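Participant: In our numbering, the protein residues as written are 1234 to 1452.
Don't be surprised by glycine CBs; every beta carbon is placed ideally from N, CA and C.
In this text, all values refer to a predicted model and were calculated from it rather than measured experimentally.
Please find one structure pasted underneath; my questions will follow.
Here is the structure:
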């Protein structure tokens, strides 16, 4: 028969056993949730993102080096600048414990990843066919996953990442439409406009190369 829990002899011992078991279960659950294995994997993915994305963009730019690729690169710089301005104006702090102290609204990483993934997805969809459309979906979903890492690892709040991602998608859509509707058809004829686009792209590449120096030091 179960021991009584109503204050009679033996009830204190039973209560202690139950409390001990409950504490053990709670400690085990906490240890499982806080297992460093998963955060470690996510951190590696997050830290390598800048190198992988930069490599892909560089490869596309070197392979195509046409007005369309340059238009995308310049657009990403414009969108990043707009995001920095908004971040300074809003001046919202990152979550407590974040490794960076600068403002976090909107997330610059989320904005950049969303811009590039959304722009690439639009280009792939524009090719037509099932395979490009599938690749477009994979590209866009990958961008969402990589932006979610900023929340999972404590760099940003969910709201900061959501706004950054929305800003990046909106900027990519607007820049893609502007390019294919007005800019790129005009640049196809060459002239000073195309030379200016190439010059802006060259400056962007040089500036980005300088930005990579701190990355190598922190690697």
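Please state whether DSSP places residue 1324 in a helix, a strand or coil.
Facilitator: coil
Participant: Around the Cβ of residue 1440, are there at least 16 other Cβ atoms within 10 angstroms (buried) or fewer (exposed)?
Facilitator: exposed
Participant: Within 10 angstroms of the Cβ of residue 1264, are there 16 or more other Cβ atoms? Answer buried if so, exposed if not.
Facilitator: Its pLDDT being 42, under 50, residue 1264 is placed unreliably in this model, and the value from its coordinates should be taken loosely. Classification of residue 1264: exposed, given that the 10 Å Cβ count is below 16.
Participant: Touch check for the stretch 1416 to 1431 and the stretch 1295 to 1310: three-plus C-beta pairs under 8 Å?
Facilitator: yes
Participant: Within the same chain, show all residues whose beta-carbon is closer than 7 Å to that of residue 1383, passing over the 5 residues directly before and after it, in chain order.
Facilitator: 1340, 1342, 1343, 1389, 1394
Participant: How big is the Cα-Cα spacing for residue 1329 and residue 1273?
Facilitator: 20 Å
Participant: Between the alpha carbons of residue 1300 and residue 1421, how many angstroms are there, rounded?
Facilitator: 8 Å
Participant: Keeping to the same chain, check which residues put their C-beta closer than 8 Å to that of residue 1419; ignore five residues upstream and five downstream.
Facilitator: 1426.
Participant: Determine contact between the stretch 1370 to 1380 and the stretch 1317 to 1331, defined as no fewer than three beta-carbon pairs at a distance below 8 Å.
Facilitator: As far as the Cβ criterion goes, the stretch 1370 to 1380 does not touch the stretch 1317 to 1331, which means the pair count is below three.
Participant: Alpha carbon to alpha carbon, what distance is there between residue 1292 and residue 1298?
Facilitator: Spanning the alpha carbons of residue 1298 and residue 1292 requires a straight line of approximately 10 Å.
Participant: Using CA atoms only, rank isn't needed, just tell me which of 1349, 1336, 1397 is closest to residue 1287.
Facilitator: 1349
Participant: Express the C-alpha separation of residue 1374 and residue 1268 in angstroms, rounding to a whole number.
Facilitator: With a pLDDT of only 45 at residue 1268, under 50, the local geometry of the prediction cannot be trusted, and no value is derived from it.
Participant: Among the residues of its own chain, which have a CB less than 7 Å from the CB of residue 1309, if the five just before and after it don't count?
Facilitator: 1345, 1348, 1349
Participant: Enumerate in chain order the residues of its own chain whose CB-to-CB distance from residue 1438 is below 6 Å, with the five nearest sequence positions on each side excluded.
Facilitator: Answer for residue 1438: no residue qualifies.
Participant: Does the Cβ of residue 1396 have 16 or more other Cβ atoms within 10 Å, making it buried, or fewer, making it exposed?
Facilitator: Label assigned to residue 1396: buried.
Participant: Considering only residues of the same chain and omitting the five flanking positions on each side of residue 1336, which have a CB-CB separation below 8 Å?
Facilitator: 1320, 1321, 1323, 1324, 1325, 1326, 1327
Participant: Near residue 1391, what residues of its chain come up, given a Cβ to Cβ distance below 7 Å and the 5 sequence neighbours on each side ignored?
Facilitator: 1384
Participant: Can you grab the Cα-Cα spacing for the pair residue 1357 / residue 1415, in whole Å?
Facilitator: 19 Å
Participant: Where does residue 1336 sit, in a helix, a strand or coil, going by DSSP?
Facilitator: Coil, per DSSP.
Participant: Taking only runs that begin and end inside the stretch 1383 to 1411, name each unbroken beta strand (DSSP E) of 3 or more residues, in chain order.
Facilitator: none
Participant: In whole angstroms, what separates the C-alpha of residue 1277 from that of residue 1413?
Facilitator: Cα to Cα, the separation comes out at about 37 Å.
Participant: Which residue from 1279, 1289, 1311, 1386 puts its Cα closest to that of residue 1401?
Facilitator: Ranking 1279, 1289, 1311, 1386 by Cα distance to residue 1401 puts 1311 first.
Participant: Is the Cβ-Cβ distance between residue 1275 and residue 1386 less than 8 Å?
Facilitator: Against a cut-off of 8 Å, the Cβ pair of residue 1386 and residue 1275 comes out as a contact.
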